[in-house]
Each structure stands twice: as structure tokens, then as C-alpha cells.
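Asker:
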Amino acid sequence: AVTGARFVLAALRLAGAALLSPGSCTFEDSACGYQWDYAHLPWTLHGEGHYISVDTSYEGEKAVLSSPDLYSEEWSCVRLIYQIATTSDTSPDPARLNLYLRQEGESFDRWLWSAKEPSDSWLIASLDLMNSTKKYKLLLEGEMGQDKSTSIAVFEIKITSGYCIECDFEENHLCGYVNHWNPNVNWFVGGGNIRNSQSILPKDHTLNSALGHYMYVDSVYVKHFQEVAQLISPRTMAPISGCLSFYYQLKQESSIVFTVYLRDTSGFYEEIWRTDSALNADWALAEVDFNAPYPMEVIFEVAFNSAKGGYVALDDISFSPVYCNNQTGAPFNPANAGCNFEEDLCNFYQDDKDGPGWSRVKVKRNVYRAGDHTTGFGYYLLANTKFTSQPGYIGRLYGPTLPGNLQFCLRFYYALYGFFKMSGSLAVYIFEENHVVQEKIWSVMDSPKGVWTQAEISFKKPMPCKVVFVSWCKSFWDCGLVALDDVSLSLGSCQAADLLLPGPGECTFEKDECVFTQRKRGRGSWHRKRGPTPTSYTGPKGDHTTGVGYYMYIEASNMVYGQRAYLVSRSLRGTSGKQCLTFFYHMYGAGTGLLSVYLKKEGDEEEIPLWRRTGEQSISWLRGVIEYESDTNYQIIFEAIRGVSIRSDTAIDDILFQAGPCLEVEEIQFSSGYPDSLNEIEY
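Structural data, given as C-alpha cells:
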């Protein structure tokens, strides 16, 4: 009886192994709890072919498929096997497959991945999902594009715990690892009783049997000196650091070089490991510290010098978030190298020898002098002030020490006043730790006067270094003011960051109007614009996002007194708990009217007022913050009312919806103009 019980238990275990993890599906006889959205195109389940698809035989723009509720308290990997088939190769508006993450308590879905390249066979995408305590759903969205005949198929969704760069090569999709094809030497799958090479191994490492699989590369077809085979991992999609380990065997007659590289999105290679031993007739373990703060691929590269080189085999790539020698070296946090100067200088400092070159100042709301960039009424740094404006004066602001060999993107905002010649009045240098100047990486050329303008610089240095901001007065007659605010540092190049889609619930109006539409378009509606508005003494000189980008505004000269313009969001998902809306508004001009924000719940006629400002407020972009709740679907409405004169251009920019209560809340939600027109700087 005991053995019988054991047998049943073993059978159950096997059955359990065959059961798919929550959120995984092979679409054989069901959609595994995945549901399609009936507001859009239908998905069709093809049980015999083991896939689910949507095509252009129905009229419609897109199809949406959502997973059941999922939890992942551990780091996990989503693998998606899919195909996009279309009749035309090039289309201005191709079909796309998008994957989103819908987290509990958020009104917006977080974009994870997109593909639009058509193919003759299935492709695999691998995406890391960071551990989270919140419930979530995965959303697959097939956009049909403009092609006459398109179909999008999903063959399998597999969610496994662990990291996407891990692989034992036992499944035919090889975890998304790909061989970089070379006419002579390539990585092949070995094992599983395939006798297709003269240097095949008797056993793999995972199962320690002839049935297991591994990857190998063989020198038998080498034609040229230094032939190279590359095996490329899926790209990491979330920051990871820790210990990468793998097993390998190496047999060589003449020199083989086996190297592991990291490759970033700009194609830069960094070597992290290479073989030091000549021979490993058995599986040897290799471990290497691995740091991928931005998207990276791992490349296993083997270089042969002759056809008698030998072979390399690879198996069981795994990853642990702890560094190999158990040191828990805290990864560098780029947030510590930025500052908005609201409380203090953060980790920036000045050298006493230099004197007080930069002062932390704030300006009360007024119609003559712009305030800071963070809120419009906070603190920023000012150089060449009345204390220091002598010719030849140089003010240096030193940042904290940054680790070497990492790619950084530095962003900051600057504004210049009172210079005849702006060029060179503000520059950014890289100093080595001992304050030796290494190089100048940026210098101001020309920019709109008095407008907060964004600069972004990518750099990577082999040694630890510091970023130093330098202001310079060339002559007594040409010494204006240099203002600096909102310095931020991120890992990865600025170009790579710019390619990413904006975060969920964020709208800068740089490309379009995002989730907003007009109630009625016309001369008296909201307009998307860059640069100053046509009427003098009203409206912004530039946008809030970069100083040279787009914002939305009403053109008062096209409207009559009391005329209203509405900017209405699409229907947003209701959630339990507080939500926070921040945005920037610009109300400058003696005739300025009203700007109001309303909440309209689905099914209700009433528009609930959340926030209002009346009359001229400031020459600066000011930050508005609103906390609200809605458990049913809702819309947010921005309403501008034209004031008494044409000096009534009202603008908005940089709208951001976030889950959870606001970190800071404005005391006054409804107010009229500012009390007094003060124009002094507070030191």
C-alpha cells in the first residue's frame, strides 16, 4: 500500500509539472482564463493549431486580450511566442502586437513591449517582470494597422519564476537565445540523442543524460583565421545586477578564445569574462559579476583560429541577484546624483577657495521675473549674482563622485538673463576625483532668454569622476545671470531613454494630445504650440518640458470674453483609493480669465470641480496638484475661459496621473490672482 501511495504521489507530481503556471497558456483547448474585450475585435481560438489569432476579416482597429489576475512576489519572466503575417512588406501604418501591465489601483496600463515586424514563422519575445506586491493583469493588444490583409497569432504565453537570461536549453524556443548566423561557424543545439557532430558530448549538464540538451559550437567548418560564433541572450528589460553563472566544456587542439560580453542598445561591447584554462573535459562552472542597469544583451562568443580548433559547449545559464562573492555591493543609485534644490544643495557642493559662486534663491510669484522650474515658486541656483559679478569671475558647482565604466545621461534646466553673448556663459566639465579637469562635455551656445531650457548629455568614463557646472563672466559689461535647476542623472544613454515610450499617465504634448480630445475644434479651442504665443505680454515663451517643445494653450485673440475651451481625457479606469494628478499651468496677461479642472464620472451628468485659478498668476509655469478619488470610470476635463482682453492666453503642459495619494498637496484648490506683484529674489 505504501508503494502504491508513493506511485500515486509521483503521478500527481508529474501531472502537476504538466500543469501550466497561472497566466501561462498554450491555447490548445481553451484560452486558460484569458478574456477578450468585447468592445474591440474578437480573438479566434484555433485548438488544432494551438494558437489564438485576430485578423482583418473583421472591421476594426484592434483586439485586446487580458489575462486572469496574477501575483508575482518573485521576479518572473514572460515568454511570448507570436507571429505577425501580412501581405505587404512596407506599410506606413503596420500591424503591431503590444504587451501591457495593468496593476491594481492604477488608471493607466504600463507599456512593456511592442513588435511590428512581419515574419514567415513564429518569433519569441522575453520580458522580465519585477517582483511586486500588487495584483496585476497582462494585456495583449493587436493593432491591425492599414494593411488589407493582416493576421496576428499568439501560440504560447509562458510565465516562469526566475530571470529571462536564464536557460537550460531543454525547450525548443531556447528561452529566446539566438545564434548570430555565420556561414562557417554557428552555435547548435546538442544532445537529445542527435548525433550530428563529431565532437558531440555524451551527456548534458541539466539532466546529466544523453537525452538532455545544451548549446555547442564546433571548429570543423572554420575557413578563415579568427572565425567567430555568437550566442545572444534576450535583452534585459529591467535593471538587474548580481551573479551570472553557467557551465561549459572546452576541448581545444589549437587556441580557442571563449569570451562573454555585455552589449548595450548602442552596440557598445564590454568584456566581463574569458576562459583562462586550456582544457575542460568535464562541465566546469563559471561565475561572473554582472551589472545591467539599462537594457543589455549577454553574448557568448567563441573565436577559432583553425578547423582543428576543437569545440565549446554551454549549458545551464543562471542568475542570482547577489554578487558572486556574496558581497552585497549596493548598486549605484543615480537619484543621489540629482537635485531640485528645494531643501538644500543635496550632494552638490562648492569649493571654499572659489567663493560663493552659486546661491540658492527663490522668487515669489510675479509677472516680471520667472521662478524656478520645479514648481514655479520654489528654489533654484543662481550664479553671477550681485555679490560676485566681476569680470573673469568663475563659479563652480561640484556634483558627487560617480562610478567609472557606466553609461550616464545627465539632464538639467538652465535659464540665462542679461547676456549680450550667451555662448560659454555656462559649461559642464568632467573632473577626476582629485579635481583635475578631464574634459568639457557641454557648453551653452544660444537659447531663448529667460526660458528654462533642458540640456541632456550622455557620457561614459573609465574612472570615477564628478560633473562640474561652471558659470563664467567674461567682462564687466557682459555679465548676466545664470540659473540652474532640476539636475537629474539616469543610467544608460539619453538617446536610449528618448526611444522609450512615455510612462503611463504622462503627457508632455511633444508628439500629440495623448489621451485628451477637444469637445469641439475650432478657432476658440485648445491649440498645440511651441515657442511664444503671438500676443505680447501674455502666454508662455516656451513649454515646460524642454523650453523648446510643445504645450496646449487658448489663443485669446480668436475668442470672445467668457468663451470656453474644453480639453477632455478619454474614459479612465476607476480604482479604489486616492489618485494624484499633477500638471503645469501658465496664466500670464492682464486680462487672464479662468482655468478649471473637473472630474466627470461615467453615467453622471455632473462635472465635479476639483481645482480653479482666476486671473493673472505669474510669468512662470506653476505646478498644480490635485488629489481625487473615483471607483467608477471617469474623465478629467480642463476648462479655460477667455478673460476680458486679448492678454488672456492660458496654457497647460506636463500632465501626470499617478496612483496613490499626492506626496505634496496644494493648500488652496480654488483661488484668484496673486496678492502682490513682488519681484525680489530671496537669498
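Taking mature numbering (1 follows the signal peptide of the UniProt record, and there is no 0), I'd label the letters of the sequence shown as residues -17 to -1, 1 to 666. A virtual CB, placed ideally from N, CA and C, is assigned to each residue, including glycine.
#1: Might you give, ordered along the chain, the residues of its own chain that have their beta carbon closer than 7 Å to the beta carbon of Val434, omitting 5 neighbours on each side?
#2: With a CB to CB cut of under 8 Å and the five nearest residues on each side skipped, what residues in its chain are close to Ser473?
#3: Restricting to Cα atoms, I'd like to know which of Met446, His418, Ser408 and Lys423 is closest to Lys432.
#4: Using the Cα positions of Leu110 and Met428, report the straight-line distance between them to the nearest angstrom.
#5: Could you give the distance in angstroms between the alpha-carbon of Ser13 and the alpha-carbon of Glu57?
#6: Output yes or no for whether 8 Å exceeds the beta carbon distance between Ile223 and Gly292.
#7: In three-state DSSP terms, what is Val648?
#8: Assign Gln129 to one of three DSSP states: helix, strand, or coil.
#9: Using only alpha-carbon positions, find the residue among Val451, Tyr252, Thr384 and Glu253 that is nearest to Gln333.
#10: Could you tell me which of Val61, Tyr199, Gly354 and Gly643 sits nearest to Leu123, measuring between CA atoms?
#11: Return helix, strand or coil for Gly175, following the three-state DSSP convention.
#12: Which residue from Leu245, Gly505 and Tyr617 puts its Cα closest to that of Glu585?
#13: Is the distance from the Cβ of residue 680 to the Cβ of Phe241 below 8 Å?
#14: I need the DSSP call for Leu157, collapsed to helix, strand or coil.
#15: What do you get for Ser4, buried or exposed, if any count of 16 or more other CB atoms within 10 angstroms of its CB means buried?
#16: Determine, using beta carbons only, whether Leu328 and Ser342 come nearer to each other than 8 Å.
#17: Rounded to whole angstroms, what's the CA-CA distance from Ala466 to Ile602? Just pull it up for me.
#18: Just to confirm, is the Cβ distance from Gln232 to Ile282 under 8 Å?
#19: Just reading off the beta strand (DSSP E) that Ala221 is part of, what are its end residues?
#20: Tell me the rounded alpha-carbon separation between Asp632 and Ile537.
#21: Whole angstroms is fine: what's the gap from Gly560's alpha carbon to Glu280's?
#22: From residue 668 to Tyr41, what distance separates their C-alpha atoms?
#23: What do you reckon, are the CB atoms on Leu53 and Trp26 nearer than 8 Å?
#24: How long is the line joining the alpha carbons of Ala548 and Tyr363, rounded to whole angstroms?
#25: Do you know offhand how far Trp256's Cα is from Leu194's?
#26: Do three or more CB pairs link the region 135 to 154 to the region 184 to 198 at distances below 8 Å?
#27: Going along the chain, which unbroken runs of the beta strand (DSSP E) with 3 or more residues stay wholly within the region 63 to 106?
#28: Just to confirm before moving on: does the CB-CB distance between Ser59 and Gly145 stay below 8 Å?
#29: Straight-line CA distance for Cys8 to Glu87?
#30: Helix or strand or just coil, what does DSSP make of Cys477?
#31: In three-state DSSP terms, what is Ser180?
#32: Got a sec, what are the start and stop residues for the beta strand (DSSP E) Asp636 sits in?
#33: Does Ala623 come out as helix, strand or coil in the three-state DSSP assignment?
#34: Pick helix, strand or coil for Ala108, following the three-state DSSP scheme.
#35: Between the alpha carbons of Thr248 and Cys477, how many angstroms are there, rounded?
#36: From this set, Met570, Ile64, Lys583 and Asp103, which residue's C-alpha is nearest Ile629's C-alpha?
Answerer: So, from the data block:
#1: Start at 1 with the first residue of the sequence shown, and residue 434 comes out as number 451. Hits under 7 Å: Ala398, Lys524, Gly525 and Gly530.
#2: Reading the sequence shown from its first residue, position 490 is the one you call residue 473. Pro317, Phe391, Cys392, Arg394 and Ala480.
#3: If you number the sequence shown from 1, residue 432 lands on position 449. Lys432 has its Cα closest to that of Ser408, out of Met446, His418, Ser408 and Lys423.
#4: By one-based count along the sequence shown, residue 110 stands at place 127. By one-based count along the sequence shown, residue 428 stands at place 445. Each residue's Cα considered, the two are about 41 Å apart.
#5: Stepping through the sequence shown from its first residue, residue 13 is reached at position 30. Stepping through the sequence shown from its first residue, residue 57 is reached at position 74. Their backbone Cα atoms lie some 27 Å apart in a straight line.
#6: Translated into the one-based positions of the sequence shown, residue 223 becomes position 240. Translated into the one-based positions of the sequence shown, residue 292 becomes position 309. Cβ atoms of Ile223 and Gly292: not closer than 8 Å.
#7: What you label residue 648 is simply residue 665 of the sequence shown in a count that begins at 1. Three-state result, Val648: coil.
#8: Along the sequence shown, one-based indexing puts residue 129 at 146. In this structure, Gln129 counts as coil in the three-state DSSP scheme.
#9: Position 350 of the sequence shown holds residue 333. Comparing Cα positions, the closest option is Val451.
#10: Sequence index remark: in the sequence shown, residue 123 carries index 140 (1-based). Of Val61, Tyr199, Gly354 and Gly643, the residue nearest in Cα terms is Val61.
#11: For the purposes of this step, residue 175 is identified with residue 192 of the sequence shown, where counting begins at 1. In this structure, Gly175 counts as coil in the three-state DSSP scheme.
#12: Residue mapping note: residue 585 aligns to position 602 of the sequence shown, counting from 1. Of Leu245, Gly505 and Tyr617, the residue nearest in Cα terms is Tyr617.
#13: Residue 680 falls outside the range modelled here, since the chain spans only -17 to 666, and no answer is possible.
#14: Within the sequence shown, residue 157 is the residue found at index 174, counting from 1. Correct three-state label for Leu157: helix.
#15: As a position in the sequence shown, residue 4 is number 21, starting the count at 1. By the 10 Å Cβ count, Ser4 comes out exposed.
#16: Position 345 of the sequence shown, counting from 1, holds the residue named residue 328. Position 359 of the sequence shown, counting from 1, holds the residue named residue 342. In this structure, Ser342 does not lie closer than 8 Å to Leu328 by Cβ.
#17: Taking the first residue of the sequence shown as position 1, residue 466 is located at position 483. Taking the first residue of the sequence shown as position 1, residue 602 is located at position 619. Approximately 16 Å between the Cα atoms of the pair.
#18: The residue you call residue 232 lines up with position 249 of the sequence shown. The residue you call residue 282 lines up with position 299 of the sequence shown. Result no, Cβ atoms of Gln232 and Ile282 do not sit closer than 8 Å.
#19: Locating residue 221 in the sequence shown gives position 238, where the first residue counts as 1. Per DSSP, Ala221 belongs to no beta strand (DSSP E) and is neither H nor E.
#20: Reading the sequence shown from its first residue, position 649 is the one you call residue 632. Reading the sequence shown from its first residue, position 554 is the one you call residue 537. C-alpha separation (whole angstroms): 6 Å.
#21: Along the sequence shown, read from residue 1 onward, the residue named residue 560 stands at position 577. Along the sequence shown, read from residue 1 onward, the residue named residue 280 stands at position 297. Each residue's Cα considered, the two are about 39 Å apart.
#22: For the chain, the structure presents residues -17 to 666; residue 668 sits outside this window and is missing.
#23: Counting from one through the sequence shown, the residue named residue 53 turns up at place 70. Counting from one through the sequence shown, the residue named residue 26 turns up at place 43. Not closer than 8 Å, so no.
#24: What you label residue 548 is simply residue 565 of the sequence shown in a count that begins at 1. What you label residue 363 is simply residue 380 of the sequence shown in a count that begins at 1. The alpha-carbon atoms of Ala548 and Tyr363 are separated by roughly 34 Å.
#25: Counted from its first residue, the sequence shown places residue 256 at position 273. Counted from its first residue, the sequence shown places residue 194 at position 211. About 29 Å.
#26: yes
#27: 79 to 86 and 93 to 98
#28: To locate residue 59, count along the sequence shown from 1; it is residue 76. To locate residue 145, count along the sequence shown from 1; it is residue 162. In this structure, Gly145 lies closer than 8 Å to Ser59 by Cβ.
#29: Within the sequence shown, residue 8 is the residue found at index 25, counting from 1. Within the sequence shown, residue 87 is the residue found at index 104, counting from 1. Between Cys8 and Glu87, the C-alpha separation is close to 22 Å.
#30: In the sequence shown, residue 477 corresponds to position 494, counting from 1. If DSSP states are grouped into helix, strand and coil, Cys477 belongs with the helices.
#31: Position 197 of the sequence shown, counted from the first residue, corresponds to residue 180. Bear in mind that a pLDDT of 47 at Ser180, under 50, signals an unreliable position, so the number given afterwards is only what the model happens to contain. Ser180: coil per DSSP, three-state reduction.
#32: As a working mapping, residue 636 is identified with position 653 in the sequence shown. Where Asp636 is concerned, the enclosing beta strand (DSSP E) stretches over Thr633 to Ala642.
#33: Position 640 of the sequence shown holds residue 623. If DSSP states are grouped into helix, strand and coil, Ala623 belongs with the strands.
#34: For the purposes of this step, residue 108 is taken as residue 125 along the sequence shown, with counting starting at 1. Strand.
#35: Numbered from 1 along the sequence shown, position 265 holds the residue referred to as residue 248. Numbered from 1 along the sequence shown, position 494 holds the residue referred to as residue 477. Going from the Cα of Thr248 to the Cα of Cys477 covers about 11 Å.
#36: Against the sequence shown, residue 629 aligns to sequence position 646. Among Met570, Ile64, Lys583 and Asp103, the Cα nearest to that of Ile629 is on Met570.
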